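Asker:
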Amino acid sequence: PPSILNALEVKGRAPKLVLEVAQHLGENTVRTIAMDGTEGLFRGQEVVDTKTSIKVPVGPKTLGRIINVIGEPIDERGPVETESKSPIHQEAPEFAEMNVDQEILETGIKVVDLLAPYTKGGKIGLFGGAGVGKTVLIIELINNVALTHGGYSVFAGVGERTREGNDFYHEMITSGVISLKDDTSKVALVYGQMNEPPGARARVALTGLTVAEYFRDQEGQDVLLFIDNIFRFTQAGSEVSALLGRIPSAVGYQPTLATDMGTMQERITTTKKGSITSVQAIFVPADDLTDPAPATTFAHL
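306 is the number that the numbering used here gives the last residue of the sequence shown; the numbers go up by one with no jumps.
1) Provide the residue span of the beta strand (DSSP E) that contains Ile281, from first to last.
2) Between Leu68 and Tyr157, how many whole angstroms is the CB-CB distance? I'm expecting something under 8 Å.
3) Asp180: which of Leu46, Thr43, Ala27 and Leu146 sits nearest, CA to CA?
4) Note the first and the last residue of the continuous alpha helix (DSSP H) segment covering Gly242.
5) Rounded C-beta distance between Pro290 and Gly42? I'm assuming under 8 Å.
6) Just curious, the alpha helix (DSSP H) that Asp54 is in, first and last residue?
7) For Ile235 and Val53, what's the separation of their Cα atoms in angstroms?
8) Output needed for Thr261: all residues of its chain with C-beta closer than 8 Å, excluding positions within five of it in sequence on either side, in chain order.
9) Let me confirm a value: Leu142 is counted as buried when at least 16 other C-beta atoms fall within 10 Å, else exposed. Which label applies?
10) Counting along the chain, where does the alpha helix (DSSP H) carrying Ile129 start and finish?
11) Residues in the same chain with beta-carbon distance under 6 Å from Leu306, minus the five sequence neighbours each way, listed in chain order, please.
12) Alpha carbon to alpha carbon, what distance is there between Leu185 and Gln1?
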């Protein structure tokens with residue numbers, strides 16, 4: 006049977022449906038997680054093993070574009086024609102590859118640079134309730150990094166409102182960070198919003214991270230990776246976990262909560278080639294900072 010985490014493609018279906026192998030049940034049956042809606046599937050439908058995990062386009066051509074969890078463009082501007090694709094599941098950098106120098110990342114926002122400066126390759130959590138300006142701050146950061154440093158950013162919209170994702174896209178166009186005319190765009194957008202099934206929401210953060218890793222590892226850039234919202238990554242993982250028959254842990258979260266978070270967060274780091282600095286908006290359920298989801302996230306910030 007196909008290996009765990011392999012991507013399977015359902016034949017004769019539009020739009021393309023990708024399934025990710027989650028469990029082996031006996032000799033020749035696997036249980037998979039769908040990356041899109043499953044309506045219209047029937048027993049006996051043909052499925053092809055791609056022999057690799059989900060691969061997404063990476064490189065400069067992703068800048069200014071919006072892709073989904075499986076790397077397909079969703080901005081109606083034609084295919085994303087990159088030279089290479091990368092699998093979304095990758096090992097974190099080796100200990101020896103890491104860089105220990107502490108450098109400040111200038112954001113150009115005076116209050117941040119003076120009172121709470123960001124470190125290059127660090128992780129910053131933006132906590133806040135609804136409508137206090139987490140996204141506004143993110144837009145400002147992307148703007149400043151693009152205009153002052155000419156640096157690249159990747160924005161992963163994970164399980165948030167599609168309307169906000171759309172507003173964000175248009176604000177980027179207005180401010181000139183995304184250019185529809187030429188290839189001067191400075192930000193790549195990766196969306197798996199609230200309307201997507203949990204499989205997509207649990208993986209779209211990895212897709213965004215994979216796009217950012219390319220700029221760090223292949224182009225030696227200092228990249229900014231924005232994740233809005235990291236809580237939805239955990240939430241999607243918990244939705245899927247019970248369906249896979251895993252025994253829930255505290256507050257009904259998945260027993261693999263710390264591992265899921267760790268495998269993702271450990272890839273966000275500074276290597277000798279470049280850095281990924283991550284700004285993560287964190288929703289705090291019922292304002293309870295001791296809830297397992299935010300509490301586990303804290304450990305990585």
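Cβ atoms here follow ideal geometry from the backbone N, Cα and C, with glycine treated the same way.
Please read all numbers here as calculations on a predicted model, not as lab measurements.
Answerer: Judging by the given coordinates:
1) Per DSSP, Ile281 belongs to the beta strand (DSSP E) from Ser280 to Ile287.
2) That pair is a contact at about 7 Å.
3) The amino acid at residue 180 is misidentified as Asp; the sequence shows Ser. Closest option to Ser180, Cα to Cα, is Leu146.
4) Where Gly242 is concerned, the enclosing alpha helix (DSSP H) starts and stops at Ile235 to Leu248.
5) Rounded, the Cβ-Cβ distance is 26 Å, inconsistent with contact.
6) Element bounds for Asp54: not the alpha helix (DSSP H) but the beta strand (DSSP E), Val52 to Asp54.
7) Between Ile235 and Val53, the C-alpha separation is close to 32 Å.
8) Excluding sequence positions up to five before and after Thr261, its CB lies within less than 8 Å of the CB of Gly242, Ser246 and Arg251, all in the same chain and listed in chain order.
9) So Leu142 counts as buried.
10) From DSSP, Ile129 is part of no alpha helix (DSSP H) but of the beta strand (DSSP E) over Lys128 to Phe132.
11) Within the same chain, Leu306 has close Cβ partners Lys128 and Gly130.
12) Residue coverage of the chain in this structure runs from 6 to 306, which leaves residue 1 outside it and unanswerable.
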